[in-house]
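One structure is given below, encoded as structure tokens.
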Amino acid sequence: MQDIHELTIICGIDKSGAKEDVEKIRICPGEIIGIVGPTGSGKSSLICDIEQLSQGDTPTRRKILINGKAPGRDIRTDPRKKRIAQLSQNMHFLADMTVEEFLRMHAKSRNRNSDTVEQVIDIANTLTGESIQPGHQLTILSGGQSRALMAADIAVISDSPIVLIDEIENAGIKKQEALKLLAAEGKIVLVVTHDPVLALMTKRRIVMRNGGVRQVITTSTGEMNVCSELVKLDNYMMSLRDTIRQGGLVEQAVVV
Amino acid sequence: MKLVVVAGTPGSGKTSVLMHTIRSLKQAGMSPAVVKIDCLWTDDDKRFERLDIPVRIGLSRDMCPDHFAIYNTDEMLTWAREQDAGVLINETAGLCLRCAPYPDGCLAVCVIDVTTGPNTPLKVGPLLTTADVVVATKGDIVSQAEREVFRERVNEANPGCRIIEANGLSGQGASELAEVISETPDVGQELNLRHNAPLAICTLCTGETRVAKKHHMGVLRHIDGFTEYRGE
């Protein structure tokens, strides 16, 4: 498949069957786009449409174009040709395999060398608390470990020009590090989030309601300033979280 | 007329995927008819009737549902022709995974549930290995990586098949399946099974309920694989 220079979302209908308020969204490489909205407003459905490269064949009737054209069937279905990686909210593995077996199999399905397996586990262990071992059964991993493993898998095995991330903040892993890992330069990244820090770190954000796209907001300079203040606050929260997790006391903590 | 045989593990979403597929077929101007084979009970005929198409059910009762479906294929085809159907869809009960009720000349569709884990494609046997199309359902419940690993396993078990990721709730994949159906050639006269039906010629088949070995006759296979014929 040729290089991706544009991803286009041709909007469809919302849950009531009415046309979405935005007709078309164009996204270029290097852009991080947020997807925000109340729970149940259709954020996950939007990224699922992108993951499937829907062609009007899902309930939303959206069409997803790559470089302005409908992608062929091979690109839509064959993981060896697919150029989209998705970190979904489904954190629990159902596969009864070891971590190593699973990653090997996944590397094979994506036409990657099996050397990548070790690398995935190493990266995953930088994001999570208790370390993951190659011989662990997938089914015993915690939610956070599974999410860390999936994030690392996306960075290495599923390394793709389009990356879709669904609520990474809920996983109990280091969200800013995870986003940095996934949103490498030159990629198209869409992040579903309820987290103000992540939402304001994006260049634009898609606002969802009742299953439909309502508007697209460009992050203003004012918002960027708010974001950098929030990052400080967030890092402070994270350091407190770590201290508490490690069994430490936070009596000396200052209230900012 | 075309023949489509749909098999798959119980609860994999055969009927739900078919409901959406039939809508797509009708939109494309084709006239589908459905025969649903089940063992003891079904109300799927009521679901299919809502689509305003000819529907017939067959209950195999104490007979193997796949044997039942195979014996009745001629009758089903005759019935569907009487309904002026362009395509007969036979949804089987498919329980024991030892055989595959697919004749040559049909479009063989195996529906399989991704949440059963990536080893399932290796366990399902001829139901999957002799299918033309493998429809993987419930992929929305697992991660993308797990879907891709599952797909890889299906490819290993049946390298030539076409894999369709479908969702019985949203209808994802149904239009693709309908497209494959519309490209299928008409069914021929002399049908042969792609895989033999399971070995089952013994006293249990005719109603013996006593467990002890001495009561059994016919073609019997021991736990170590030794197969013998006991009887006259």
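Quick note, the sequences are listed as chains D and L, same order. FYI, in our numbering the residues of the first sequence are 23 to 278. FYI, in our numbering the residues of the second sequence are -5 to 226. Here a beta-carbon is modelled for each residue, glycine too, at the ideal position from N, C-alpha and C. This structure is a prediction, so every number in the text was calculated from the model and none was measured.
{"Query": "For Cys93(L) and Gly157(D), I'd like the C-alpha separation in whole angstroms.", "Result": "35 Å"}
{"Query": "Return the CA-CA distance between Ser10(L) and Leu163(L), expressed in angstroms with no decimal places.", "Result": "7 Å"}
{"Query": "I'd like to know whether the C-beta of Thr177(L) is nearer than 8 Å to at least one C-beta of chain D.", "Result": "Strictly speaking, residue 177(L) in this sequence is Glu, with Thr absent from that position. Chain D, which has no Cβ nearer than 8 Å to the Cβ of Glu177(L), makes this no."}
{"Query": "For Leu71(L), which three-state DSSP category applies?", "Result": "helix"}
{"Query": "Just the chain L side, please: which residues come within less than 7 Å of His128(D) by C-beta, in chain order?", "Result": "Ala139, Glu142, Val143"}
{"Query": "Can you tell me the Cα-Cα spacing of Ile217(L) and Ile175(L), whole angstroms?", "Result": "41 Å"}
{"Query": "Using a cut-off of 9 Å between C-beta atoms, extract the partners of Ser180(D) located in chain L.", "Result": "Gln138, Ala139, Glu142"}
{"Query": "For His128(D), collect the residues of the same chain with a Cβ closer than 7 Å to its Cβ; drop the 5 residues on either side in sequence, then sort them by chain order.", "Result": "Asp175, Ile179"}
{"Query": "Quick one: residues in its chain with C-beta nearer than 6 Å to the C-beta of Val211(D), no 5 flanking neighbours on either side, listed in chain order?", "Result": "Ile54, Val185, Ala205"}
{"Query": "Can you list the residues of chain A that Glu146(L) reaches, using a CB-CB cut of under 7 Å?", "Result": "Structure shown: chain A not included; protein chains present are D and L."}
{"Query": "Taking the CB atoms as reference points, tell me whether Gly165(D) and His114(D) lie closer together than 8 Å.", "Result": "yes"}
{"Query": "Would you decide whether Glu73(D) is buried or exposed? Buried here means 16 or more other CB atoms lie within 10 Å of its CB.", "Result": "buried"}
{"Query": "Using 8 Å as the threshold, is the C-beta distance between Gln108(D) and Ile47(D) below it?", "Result": "no"}
{"Query": "Between Glu140(D) and Glu173(L), what straight-line distance do the alpha-carbon atoms span, to the nearest angstrom?", "Result": "42 Å"}
{"Query": "How big is the Cα-Cα spacing for Glu202(L) and His209(L)?", "Result": "8 Å"}
{"Query": "By DSSP, does Val229(D) sit in helix, in strand, or in coil?", "Result": "strand"}
{"Query": "Got a sec: is the Cβ-Cβ distance from Pro112(L) to anything in chain D below 8 Å?", "Result": "yes"}
{"Query": "Could you give the C-beta distance for Leu171(D) and Ile190(D), rounded to a whole number, given that I count them as a contact under 8 Å?", "Result": "Actually they do not touch by this definition, with Cβ atoms about 13 Å apart."}
{"Query": "Report the three-state DSSP secondary structure of Glu142(L) (helix, strand or coil).", "Result": "helix"}
{"Query": "Whole-angstrom Cβ separation of Arg145(L) and Ser131(D), contact assumed at under 8 Å?", "Result": "6 Å"}
{"Query": "What residues of chain L sit near Ser250(D), judged by a beta carbon separation below 7 Å?", "Result": "Near Ser250(D) there are no residues of chain L at all, since even the closest Cβ is about 33 Å away, more than 7 Å."}
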